Structure formats: structure tokens, C-alpha cells
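Below: the structure, in C-alpha cells.
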Amino acid sequence: MIKSIPLTKLVQSPRNVRRHGDPAADSELKASIAAHGLLQNLIVRPAARSKFEVEAGERRR
1092 MIKSIPLTKL
1102 VQSPRNVRRH
1112 GDPAADSELK
1122 ASIAAHGLLQ
1132 NLIVRPAARS
1142 KFEVEAGERR
1152 R
């Protein structure tokens, strides 16, 4: 199911293996999304207080 969720309702999953960002890789991803659009949706699951944990695609958030 595809659903639009406001960014303010997304939180990082405690199961996310990435603990630190890579500014160079993030810049490349941002440029790719600007050029080609978002090719894969985020995968989320319900969390507490009407929030959603990002299970896959945290860098695209």
C-alpha cells in the first residue's frame, strides 16, 4: 500500500544500522533525486504517538 505521510510523522527506526551520516554520499543522493526523482518509496511501520518508523530508506527522508 502506498500512503502519503507528513515528514513530521517519520522517525528513525532503532533497528537502522546507519548511526552516522556521510555528507558526500548524502549530497550525491540529493543530486540523484533532483535529477531522476525518487525511485523507491520509503518503507515504514507504525510507531508510538501516531508516528512511523522508517524501516528502509532513511537517507531518502
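For the record, in the sequence shown the residue sitting at position 36 is 1127 according to my numbering, with numbers rising by one throughout. Ideal Cβ positions, reconstructed from N, Cα and C, are used throughout, including at glycine. Note that the structure is predicted; figures quoted are calculated from it, not measured.
Subject >> Neighbour-count burial assignment, residue 1108, 16 or more Cβ in a 10 Å radius >> reply: Looking up residue 1108 in the sequence shown gives position 17. Classified as exposed, residue 1108 has fewer than 16 neighbouring CB atoms from the shown chains inside 10 Å of its CB.
Original post:
Do you know how far the Cα of residue 1114 is from the Cα of residue 1099?
Top reply: Locating residue 1099 in the sequence shown gives position 8, counting from the first residue. Locating residue 1114 in the sequence shown gives position 23, counting from the first residue. Those two C-alpha atoms are separated by around 22 Å.
Subject >> Among 1134, 1133, 1119, nearest to residue 1127 - alpha-carbon criterion >> reply: Position 36 of the sequence shown, counting from 1, holds the residue named residue 1127. Comparing Cα-Cα distances from residue 1127 to each of 1134, 1133, 1119, the minimum goes to 1119.
Original post:
Which residues mark the beginning and the end of the alpha helix (DSSP H) in which residue 1124 is found?
Top reply: As a first step, residue 1124 must be located in the sequence shown, where it is residue number 33. Residue 1124 -> alpha helix (DSSP H) spans 1114 to 1127.
**OP:** Let me know the secondary structure DSSP gives residue 1110 once reduced to three states.
**Re:** Within the sequence shown, the letter at position 19 stands for residue 1110. Coil.
**OP:** Going by DSSP, name the residue or residues bridged to residue 1101.
**Re:** For the purposes of this step, residue 1101 is taken as residue 10 along the sequence shown, with counting starting at 1. Answer is 1143.
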